[in-house]
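For the record, in the sequence shown the residue sitting at position 138 is 226 according to this note's numbering, with numbers rising by one throughout. By construction, the Cβ of each residue, glycine as well, lies at the ideal position given by its N, Cα and C atoms.
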Amino acid sequence: SPTYVNWFCNVDGTTPVQGVEVQMDYDARYAFAALAYTYTNSDLPPQTPGNGASQYMPDHNLVLTGGIRLFDQSLTLGARAYFVSDADDPSATATGGRRKGYELLDLFASYKIREGFDIGATVTNVLDEAYTPVLGTAPTSPNPFNPFAGEIGRGRTFLLNTRIQF
């Protein structure tokens, strides 16, 4: 039987990665808001395509969340927005070595039927934006074995959930 070997060698030794993360949350019971921001600065060496996801992080990631609670805090309505900047990615040859950033919007709601029993709904990527997620490996070109060469992020998705705690 054939033997398959895969290896990795970081020929440049070390790679400096610097950044900062900030998160702030505010909750006044009837309303809530949150902000999460990440700045990343790295100088990664070129990578071999096909050996896993790209490691080229965007410089800026911002997530904003906000919502309200109604009917004695039984009903929660909210939204979450994601803002991801462009990223250096030498494997993205079709776009000049840059991976395109993206903005996404999610909406969510939940209703507490009684203590320990909630139902909810979420719509992710409300505007059905085409994108390639951070750390996703974007296809570079169509071929007979993989005719898809576009963005690989999840499109608009509807989720229903129930939570029972006892």
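Boundaries of the beta strand (DSSP E) harbouring Lys200: Tyr190 to Arg202, taken from the DSSP string. A distance below 6 angstroms between beta-carbons, with the five flanking residues on each side excluded, links Pro221 to the following residues of its chain, in chain order: Gly241. Between the beta-carbon of Leu165 and that of Tyr125 there is about 24 angstroms, and that puts the pair past the 8 angstroms contact cut.
Residue burial annotation: Leu192 is buried, with at least 16 other C-beta atoms found within 10 angstroms of its C-beta. For Val105, the closest of Asp113, Asp115 and Asp131 by C-alpha to C-alpha distance is Asp131. Beta-bridge annotation (DSSP): Asp115 is paired with Phe120. Ala197 sits away from Arg187, with the two beta carbons spaced by 7 angstroms or more.
In chain order, Thr128, Val172, Ser173, Asp174, Ala175, Arg187, Gly189 and Val222 place their CB closer than 8 angstroms to the CB of Pro146, counting only its own chain and leaving out the 5 sequence neighbours on each side.
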